[in-house]
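Numbering-wise (my numbering), the sequence shown opens with residue 3 and increments by one. Here's the structure we're looking at; comments come further down.
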Amino acid sequence: MPLRAFMGTVYEVKGDVEFAPEPGKNYVIKGKLSEEHSSVWLEDESSGEVIETFKVEGPAKLGFFSK
Numbered sequence: 003m004p005l006r007a008f009m010g011t012v013y014e015v016k017g018d019v020e021f022a023p024e025p026g027k028n029y030v031i032k033g034k035l036s037e038e039h040s041s042v043w044l045e046d047e048s049s050g051e052v053i054e055t056f057k058v059e060g061p062a063k064l065g066f067f068s069k
């Protein structure tokens with residue numbers, strides 16, 4: 003997989019998450035990455051409630067030497 007990431011398009015979204023997970027719940031990391039806008043969010047699996055979101059306006063694409 004690292005070779006595939008090295009040769010393909012790689013996007014980067016950074017941030018810190020602070021939340022108190024509730025016992026018995028499952029959480030999912032989801033996201034949408036594109037040239038114009040990228041965002042990643044943490045979601046409660048059963049309700050679909052968004053817990054935290056990180057957004058990058060503009061290009062989040064990493065250059066060849068940034069991968």
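For each residue, glycine too, the CB sits at the ideal point set by N, CA and C. Predicted model only: the values in this text are computed from it and were never measured.
Residue i versus residue j: straight-line alpha-carbon distance, rounded
| i | j | result |
| --- | --- | --- |
| V19 | K32 | 14 Å |
| D46 | V15 | 20 Å |
| K27 | S48 | 8 Å |
| I53 | K34 | 16 Å |
| G17 | H39 | 15 Å |
| W43 | E24 | 17 Å |
| T55 | G10 | 25 Å |
| V30 | F21 | 13 Å |
CB contact flag (residue i, residue j, <8 Å)
| i | j | result |
| --- | --- | --- |
| K57 | S36 | no |
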